[in-house]
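I have placed the structure first, in the form of structure tokens, so that the comments after it can refer back to it.
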Amino acid sequence: MDSSALERRGSRAELRRSSLYSTLDLVPQLEHYAGTLPRKQARSRPSLEALRRAFEDVEGTSTTDSGVNSLPTTDNGNEESQGPQEKAPTRFGWIIGVMVRCMLNIWGVILFLRLSLITSQAGILLTWLIILMSVIVTSVTALSISAIATNGRVVSGGAYFMISRSLGPEIGGPIGMVFSFANALACALNTVGFAEVVRDLMMEFNVYMVDEINDVRIVGVITVTVLLLISLAGMEWESKILFFLVLLISFSNYIVGTFIPPTTEKQAVGIFGYRSDIFVENLTPDWRGPDGSFFQMFAIFFPSAIGILSGANISGDLKDPATAIPKGTLMAIFWTTISYLVISVTVGACVVRDASGNLTNILTGNITDGCVGLACKMGWNFTECIQSKNCTYGLANSSKVLGQVSGLSYLITAGVFAASLSSALGFLVSAPKVFQCLCRDKIYPYIGFFAKGYGKNDEPLRAYLLCYVIAVAFILIAELNTIAALISNFFLCSYSLINFSCFHASITNSPGWRPSFHYYSKWTALFGAVISVVLMFLFTWWAALITFCVIFFLFGYVNYNKPKVNWGSSVQAGTYNMALSYSVSLSGVEDHVKNFRPQCLVLTGPPNQRPALVDFVGSFTKHISLMVCGDIIMVSHSWMNRRKVRSFYTPFTADSLRAGARHLLQASGLGKLKPNTLVLGFKANWRDSSPETDDISDKGDSDQIKTVFQNDQGKKTIDVYWIADDGGLTLLVPYLLTRRKRWHRSKVRVFIVGDEQNMEEGRNDVKYQMPISCKFTYFYSFPSQSERKVRLNEIIRKNSQHASLVLVSLPVPHSDCPSVLYMAWLDTLTCGLHCPVVLIRGNQQNVLTYYCQ
Numbered sequence: 001m002d003s004s005a006l007e008r009r010g011s012r013a014e015l016r017r018s019s020l021y022s023t024l025d026l027v028p029q030l031e032h033y034a035g036t037l038p039r040k041q042a043r044s045r046p047s048l049e050a051l052r053r054a055f056e057d058v059e060g061t062s063t064t065d066s067g068v069n070s071l072p073t074t075d076n077g078n079e080e081s082q083g084p085q086e087k088a089p090t091r092f093g094w095i096i097g098v099m100v101r102c103m104l105n106i107w108g109v110i111l112f113l114r115l116s117l118i119t120s121q122a123g124i125l126l127t128w129l130i131i132l133m134s135v136i137v138t139s140v141t142a143l144s145i146s147a148i149a150t151n152g153r154v155v156s157g158g159a160y161f162m163i164s165r166s167l168g169p170e171i172g173g174p175i176g177m178v179f180s181f182a183n184a185l186a187c188a189l190n191t192v193g194f195a196e197v198v199r200d201l202m203m204e205f206n207v208y209m210v211d212e213i214n215d216v217r218i219v220g221v222i223t224v225t226v227l228l229l230i231s232l233a234g235m236e237w238e239s240k241i242l243f244f245l246v247l248l249i250s251f252s253n254y255i256v257g258t259f260i261p262p263t264t265e266k267q268a269v270g271i272f273g274y275r276s277d278i279f280v281e282n283l284t285p286d287w288r289g290p291d292g293s294f295f296q297m298f299a300i301f302f303p304s305a306i307g308i309l310s311g312a313n314i315s316g317d318l319k320d321p322a323t324a325i326p327k328g329t330l331m332a333i334f335w336t337t338i339s340y341l342v343i344s345v346t347v348g349a350c351v352v353r354d355a356s357g358n359l360t361n362i363l364t365g366n367i368t369d370g371c372v373g374l375a376c377k378m379g380w381n382f383t384e385c386i387q388s389k390n391c392t393y394g395l396a397n398s399s400k401v402l403g404q405v406s407g408l409s410y411l412i413t414a415g416v417f418a419a420s421l422s423s424a425l426g427f428l429v430s431a432p433k434v435f436q437c438l439c440r441d442k443i444y445p446y447i448g449f450f451a452k453g454y455g456k457n458d459e460p461l462r463a464y465l466l467c468y469v470i471a472v473a474f475i476l477i478a479e480l481n482t483i484a485a486l487i488s489n490f491f492l493c494s495y496s497l498i499n500f501s502c503f504h505a506s507i508t509n510s511p512g513w514r515p516s517f518h519y520y521s522k523w524t525a526l527f528g529a530v531i532s533v534v535l536m537f538l539f540t541w542w543a544a545l546i547t548f549c550v551i552f553f554l555f556g557y558v559n560y561n562k563p564k565v566n567w568g569s570s571v572q573a574g575t576y577n578m579a580l581s582y583s584v585s586l587s588g589v590e591d592h593v594k595n596f597r598p599q600c601l602v603l604t605g606p607p608n609q610r611p612a613l614v615d616f617v618g619s620f621t622k623h624i625s626l627m628v629c630g631d632i633i634m635v636s637h638s639w640m641n642r643r644k645v646r647s648f649y650t651p652f653t654a655d656s657l658r659a660g661a662r663h664l665l666q667a668s669g670l671g672k673l674k675p676n677t678l679v680l681g682f683k684a685n686w687r688d689s690s691p692e693t694d695d696i697s698d699k700g701d702s703d704q705i706k707t708v709f710q711n712d713q714g715k716k717t718i719d720v721y722w723i724a725d726d727g728g729l730t731l732l733v734p735y736l737l738t739r740r741k742r743w744h745r746s747k748v749r750v751f752i753v754g755d756e757q758n759m760e761e762g763r764n765d766v767k768y769q770m771p772i773s774c775k776f777t778y779f780y781s782f783p784s785q786s787e788r789k790v791r792l793n794e795i796i797r798k799n800s801q802h803a804s805l806v807l808v809s810l811p812v813p814h815s816d817c818p819s820v821l822y823m824a825w826l827d828t829l830t831c832g833l834h835c836p837v838v839l840i841r842g843n844q845q846n847v848l849t850y851y852c853q
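Residue 572 in the UniProt record's numbering sits at position 572 of the sequence shown, and the numbers go up by one each step.
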């Protein structure tokens with residue numbers, strides 16, 4: 001390749017980094033939108049002052065268009081990194097990354113050890129109702145999770161991270177504690193289920209370590225210790241793949257076994273193959289024992305549906321979270337629901353509720369006198385065990401029914417091992433990471449010890465040990481049903497808060513709520529939140545009360561302590577909405593003597609120069625009325641009321657437009673309700689004006705332009721020419737427009753400067769990281785300043801002939817640029833366009849982010 005070709009390629013690369021307006025004014029770059037906290041912006045984005053004084057700064061160093069190399073830059077895409085490039089992290093698709101993970105955590109010990117018992121007690125019909133009600137709760141929650149997870153990058157912390165960044169630390173802190181504890185309990189639940197199966201296998205060979213209960217405890221503690229070592233060794237994912245394959249083989253083995261004609265031994269334990277009379281008998285409920293109620297069975301089953309957060313927990317490791325999380329989670333719910341429904345109906349059609357397992361109970365001849373139970377029709381007499389209520393086999397008495405029905409019982413045992421161990425391993429890994437995220441936020445005292453991570457993956461070893469201790473403590477209970485009821489309450493509480501987070505973020509209309517997943521509803525989210533709370537009290541009311549007492553205590557502590565965090569939560573957005581709404585409403589209320597409050601305008605000058613006056617007025621206005629230190633003139637605003645504009649009108653007297661605008665920006669508003677964006681009309685008569693007589697009362701608005709913002713825009717486009725990286729205001733304003741009824745059918749098209757080599761990659765990156773519904777298009781940049789404005793105007797006229805609105809990044813004038821030349825550039829930029837044009841510029845501070853916090 002010759003030197004001229006290399007030079008052309010190098011110039012294109014430099015032009016891609018800088019905008020059309022200046023070599024210092026960068027094009028939009030995603031790295032600048034990762035930081036969200038104040039004063040955390042990337043150093044490589046120049047300030048407005050640097051752009052204005054660009055000529056002075058680079059004078060003597062480089063004054064050419066390719067002089068961007070003279071600026072100090074960081075290693076974020078503006079200059080190539082000097083060090084070796086790191087290997088790109090492995091990212092998962094929706095099948096491996098989400099669906100398989102969720103299915104492994106949803107399938108647990110309840111499927112193999114308790115689903116047959118639930119079918120026996122509740123009957124097939126009510127069992128299906130239990131399954132479908134669980135699916136409704138988890139599906140609605142999955143939709144809310146998808147919306148929250150696609151509103152920004154969820155780095156770590158799962159449900160805690162999503163809730164805390166949506167509702168703030170007051171709600172996020174308590175739910176982080178509860179969710180971490182619930183995951184540790186879920187690990188204990190699945191470990192106890194595994195230990196029960198091992199205990200039963202030992203009993204078949206008449207082997208005991210101590211007794212039935214203590215054997216479960218010993219096996220459970222040993223198992224969770226081994227799982228801890230696997231987690232620390234980093235073999236979690238390889239183990240899950242093996243478990244998933246074993247589970248699929250186990251299900252296939254069970255389905256095949258239902259079609260195999262039962263042997264005499266199987267009939268003795270109540271298995272007779274598919275029979276209509278058995279199916280009809282098992283359709284209706286037969287409640288037995290202290291757990292014999294619908295909601296108790298519901299509480300026992302619900303932990304088998306709690307693994308839906310596994311995909312959202314690793315959203316940062318997914319190729320396309322916006323697609324993978326909803327598709328993978330909902331598909332996992334669908335396939336696991338099908339498996340639960342199929343197993344409940346097949347086992348209910350093949351197995352009677354009670355059987356003795358005694359081969360001598362077979363009937364000889366046609367003698368059925370005194371025989372009790374459906375098995376009498378099949379030639380078996382289980383009357384004695386039924387009447388004495390000591391049957392050890394059958395649907396209502398044995399937890400090993402699925403293994404007895406299957407073709408090879410040991411494959412079902414392997415399936416139980418795979419389901420219980422995979423779920424236990426998943427919860428053992430997720431609980432410490434959620435707790436580590438909570439500890440690092442420093443919301444609660446004395447838990448910072450567990451925030452420390454080790455190794456390249458930042459593994460929370462201390463939190464692992466804490467989770468291990470909690471799991472062991474509940475494994476020692478050795479009672480599966482008791483642990484299941486407790487887990488149901490904790491996870492329902494988490495699901496309630498997740499749904500409420502989605503609902504609250506939706507109703508606040510915050511510009512920061514921009515999920516790329518649109519198939520959710522704020523009302524279904526509210527329904528999911530309410531039904532979760534109702535189910536908590538219907539399952540175990542005392543456990544629900546304890547859960548809420550703990551949450552209210554933790555909430556009260558955070559609310560009192562006021563942690564120094566700022567996550568841009570929907571609670572803050574709601575507070576702003578309320579303040580704005582009440583302020584506007586109050587402006588239309590007539591004064592009454594009974595409601596008089598001294599609202600003081602204190603002419604203090606600089607307040608720190610008259611502290612006595614400020615303290616005096618503050619002593620009788622604090623928490624009672626308004627105090628304003630400044631000079632504001634209030635006049636009638638009846639015209640805006642007639643036009644239905646929600647605004648405060650504040651006239652200001654000044655010597656010039658520049659001075660008046662500066663002073664008015666400082667004086668207008670109350671507290672946080674202060675203007676942060678200056679909007680003014682373009683002077684059509686700028687050629688005839690002088691700086692001494694500047695005003696905005698010209699004839700620049702035509703009747704056509706005035707009606708554009710009052711009419712429905714249909715399916716026209718809003719074209720955004722995002723030339724310079726201004727912090728995102730250029731992209732945020734058109735998004736807010738599309739939320740209005742008149743513009744909601746308009747499509748947003750975004751044009752960005754780029755080159756041929758990086759167009760497609762850049763387009764995909766922007767669409768992935770900025771979840772705003774719009775179409776991104778790249779175009780080439782041009783050499784000289786004036787030619788750039790002319791050529792950009794030609795591009796706008798070519799691409800935006802039928803647009804309803806055009807927004808263009810406003811170039812920042814250099815300090816030595818004549819006003820006439822600058823206005824000529826702006827006039828050239830907008831000349832010949834037949835729709836409203838907005839020249840817009842942010843202050844180089846982020847108003848958009850692709851992170852949750």
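Cβ atoms here follow ideal geometry from the backbone N, Cα and C, with glycine treated the same way.
Given this structure, state the Cα-to-Cα distance separating residue i from residue j, to the nearest angstrom.
i    : j    : result
V58  : P818 : With a pLDDT of 46 at V58, under the threshold of 50, the modelled position of this residue cannot be trusted, and the question is left open.
M297 : T191 : 20 Å
V224 : V216 : 12 Å
N381 : G370 : 9 Å
N846 : T413 : 56 Å
G307 : L232 : 21 Å
S746 : L732 : 15 Å
In the structure shown, what three-state DSSP assignment does residue i receive?
i    : result
R749 : strand
Y721 : strand
V347 : helix
I447 : coil
I260 : coil
W128 : helix
V838 : strand
W94  : helix
W743 : coil
W567 : coil
Out of the options, which has the shortest C-alpha to C-alpha gap to residue i?
i           : options                : result
L833        : N559, N846, V806, Y822 : V806
Y393        : V352, N481, T119       : V352
C835        : V720, T575, E787       : V720
F302        : A50, G348, C493        : C493
K564        : D441, F243, I218       : D441
F450        : S164, P813, M177       : M177
A543        : T830, Q404, K789, N489 : N489
H744        : N799, T717, T828       : T717
residue 856 : R288, L538, I213, R165 : Past the edges of the chain, shown from 1 to 853, lies residue 856, and the structure says nothing about it.
S180        : M578, K389, L438, L242 : L438
I386        : N361, G842, L408, R45  : N361
Is residue i close to chain D? Criterion is C-beta to C-beta, closer than 9 Å.
i    : result
K564 : You won't find chain D in this structure, because it holds only one protein chain.
Excluding the 5 residues flanking residue i on each side, which residues of the same chain have their C-beta closer than 6 Å to its C-beta?
i    : result
F555 : E170, P174
A485 : A299, T540
V100 : F244
G630 : With a pLDDT of only 44 at G630, under the threshold of 50, the placement of this residue in the model should not be trusted, and no figure is reported.
Give a yes or no on whether the C-beta atoms belonging to residue i and residue j are separated by under 9 Å.
i    : j    : result
Y735 : P515 : no
S250 : S422 : no
F112 : V197 : yes
Y444 : V589 : no
A305 : I333 : yes
Note down, in chain order, each residue of its chain lying with its Cβ closer than 7 Å to the Cβ of residue i, except the 5 sequence neighbours on either side.
i    : result
T264 : L359
A529 : S496, N499, F500, F503
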